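See below for the structure under consideration.
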Amino acid sequence: MNKVYWIESSEGRGYKKLDRDIQVDYLIIGGGLAGVTCLYLLVSAGLKAVLIDADRIGYGCSGRNTGKITAQHALVYSSIEKQFGLERARQYYEVNDKALELIETLIARYNIQCDFQRMPACVFTQDESYAEKIRQEYETYQKMGLDCRLEKEIPIPLKIRNALILNNQAQFNPKKYIDALADEAVNQGGTIYEDTRIVDFQPGERCTLKTGDKFTIEAGHVVIASHFPCYDGMGFYFAKLKPMRTYAVMAKYDKSFPKCHFINAEDPTRSLRYVHEADSLLIVGESHKVGHQKEDHYLLLKKFGNEVFGIDEYQYQWSAQDYEPPRNIPYVGYLNKDTPNIFVATGFNKWGISGGTAAGMVISNMIRNGSSPYEELYSHTTLMDVASSTFVTENADVAVQLISGKLKSGDTEIPESAGIGRVINLGGKRCGYYKDQDGREYIVDVTCTHMGCELKWNQLEASWDCPCHGSRFDYKGNVLEGPACLPLNRHDQEKNKINPQIR
Ligand SMILES: Cc1cc2nc3c(=O)[nH]c(=O)nc-3n(C[C@H](O)[C@H](O)[C@H](O)COP(=O)(O)OP(=O)(O)OC[C@H]3O[C@@H](n4cnc5c(N)ncnc54)[C@H](O)[C@@H]3O)c2cc1C
Ligand code: FES
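If you use this note's numbering, the sequence shown corresponds to residues 2 to 504, in order.
What follows is the structure, encoded as structure tokens:
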């Protein structure tokens, strides 16, 4: 039943995989919104750029989200104002608003059929303790002069405490948009390779990268837009970003739904939008740290949909992950201060449609003009993050996961039924066991190839998930996402090779 509406709705052109060594001036790793926007902006400015993706364009988080294009990122502005001052909050709004405008301009310029509609965005709370936080966010909006209002009621059947509406935001079908933009970039001279994963990265005046098929790419400038940076370069991104998994369910809904999209401020998240092209309601929420799920999160979303909207039957369900930066502002710009030719875009905190588009704008400006007016906004947090309380808590959890995982020996019994994964003890060795519906058995080494934490089985997605920094592998051992670049070995091969790609 796990299938993604957006991905089914748009086939994509399909690009071949890299089959030789190449030398390029500008290389972009990652065909999500950040990477494809950057590619488009570079080639439309006349630069020769190449984008590679480990999978297919838009199959990452950019094709699995809620499709809201908004500068309203939950309660981000009061938080930025408190930490960095009102001017930074203003800049954050400005760059995300420009991203929305760029998306709208490109849709009009290329006549992209992606169900784009302007509408207000609403953040609400049903929890008394958040009512004041929403009021504070409203005050920050007012200081910034935003077109907004505070409400006590909203036009959906939920009893709320406070709601903050920001006018003139938007929504679309993100996969149709990204496929069309990638096409346009190629039409204008850009090159895309799919099914091509970077597994090794040597920085330098010209960087040398290796693909999974052992081809070499030599590049003058590299933009790492792989969602989680596939090369860390002593930026310690693995220790700063919190990987959060979130779930989505979608159902036919023929009653009227207001022209607005909604999200609550508290946990568990409930994010709602109507998908006009499919006459359906999309409900998203139930976020948790990757590798830490305890419940059937799809079931909880469906229960909510049933109680509030009377929905019994769902046609689509999927999940995705994004990365929380410690202080709400993503990392966009130089990978670190010693790498003027390597750029990174990550940590979009589930707001990377505008955030990833903004990252593409900022990085392409830095490459073309040597700077961007938003460079400081995004680099502001890098040095301070290691001292933040979230950083300390997250890394204490990583230490616990690393040690406790090693102490568990695994089950001695192999599951009889197909479709069930389990950590088993095979001759004293911890292994991951899975039997598919045709009875084929897959037994893999379940030590994460990023930094060696022990993986946990995720029955909802049939994957091996890392509780430390969020890498995920399919039951055959292939990398699905996260910082890990190398696959899991079969139990009868040598032990997994660990490569954190830090230096
Ligand atoms: C459930 C959910 C709902 C969301 N809803 C919204 C929303 O409504 N509005 C909003 O603004 N944001 C939303 N977001 C966030 C948003 O979708 C993401 O922040 C954004 O899509 C990230 O884009 P990206 O380009 O960084 O990453 P991705 O779209 O994940 O693209 C990264 C690409 O890099 C490739 N890659 C990875 N590693 C390698 C490698 N080693 N070599 C080559 N290629 C590699 C991957 O295959 C992938 O295609 C949501 C997130 C979630 C989880
Ligand atoms: S993702 Fe870092 S150890 Fe697994």
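For glycine and all other residues, C-beta sits at the position ideal for the given N, C-alpha and C.
Being a predicted model, the structure only gives us computed values, none of them experimental.
- Segment contact: the segment 177-196 against the segment 118-131, fewer than three CB-CB distances shorter than 8 Å; contact not assigned.
- Counting along the chain, residue 367 sits inside no beta strand (DSSP E); it lies in the alpha helix (DSSP H) bounded by residues 353-370.
- Within the DSSP secondary-structure output, residue 208 pairs in a beta bridge with 220.
- Here residue 318 is near residue 248, since their CB atoms are less than 9 Å apart.
- Within the segment 105-140, the runs of beta strand (DSSP E) that reach at least 3 residues and sit entirely inside it are, in chain order, 118-126.
- Distances between the C-beta of residue 454 and the heavy atoms of ligand 2 include at least one below 8 Å.
- Exclusion of residue 106 from the 8 Å shell around ligand 1 follows from its C-beta lying no nearer than that to any non-hydrogen atom of the ligand.
- Under the three-state reduction of DSSP output, residue 274 falls in the strand class.
- If you ignore the 5 residues before and after residue 61, its C-beta comes within less than 6 Å of the C-beta of 33 and 228, all in its own chain and listed in chain order.
- With a threshold of 8 Å, the Cβ atom of residue 355 counts as near ligand 1, since some heavy atom of the ligand is closer than that.
- In this structure, ligand 1 has a non-hydrogen atom nearer than 8 Å to the beta-carbon of residue 352.
- Considered as a whole, the segment 218-268 harbours 243-253 and 262-265 as its complete beta strand (DSSP E) runs of no fewer than 3 residues, in chain order.
- CA-to-CA, the gap between residue 442 and residue 59 works out to about 31 Å.
- Note that the C-beta distance between residue 77 and residue 352 is below 9 Å.
- Residue 177: member of the alpha helix (DSSP H) spanning 175-188, first to last residue.
- The C-alpha of residue 108 is placed about 24 Å away from the C-alpha of residue 194.
- Secondary structure of residue 215 (DSSP, three-state): coil.
- DSSP places residue 11 in the coil class of the three-state scheme, outside both helix and strand.
- The C-alpha of residue 22 lies about 25 Å from the C-alpha of residue 45.
- Counting of Cβ neighbours within 10 angstroms places residue 419 among the exposed residues, the total staying below 16.
- A heavy atom of ligand 2 is found nearer than 8 Å to the CB of residue 472.
- Counting only the Cα atoms, residue 117 lies some 23 Å from residue 15.
- Measuring C-alpha to C-alpha distances from residue 111 to each of 484, 151, 133 and 189 identifies 189 as the nearest.
- Residue side-chain check: residue 451 places its Cβ nearer than 8 Å to a non-hydrogen atom of ligand 2.
- Taking 8 Å as the upper bound for CB-CB distance, residue 446 and residue 432 are in contact here, some 7 Å apart.
- Taking the Cβ atoms as the reference, residue 99 lies roughly 15 Å from residue 367, outside the contact range of under 8 Å.
- Put simply, the backbone Cα of residue 481 is about 5 Å away from that of residue 473.
- With respect to the 9 Å criterion, residue 286 and residue 272 are classified as neighbours on the basis of their beta carbons.
- Around the beta-carbon of residue 265, 16 or more other beta-carbon atoms lie within 10 Å, marking it buried.
- Under the three-state reduction of DSSP output, residue 289 falls in the strand class.
- The shortest C-alpha to C-alpha distance from residue 298 to any of 325, 262 and 460 is the one to 460.
- Taking 8 Å as the cut-off, one finds at least one heavy atom of ligand 1 near enough to the beta carbon of residue 54.
- Using a Cβ distance threshold of 9 Å, residue 66 and residue 354 count as a contacting pair.
- The C-beta distance from residue 483 to residue 336 rounds to 18 Å, too long to fall under 8 Å, and the pair is not in contact.
- Bridge pairing for residue 346: 333 [DSSP].
- When C-alpha distances from residue 104 are compared across 175, 93, 80 and 274, the shortest belongs to 175.
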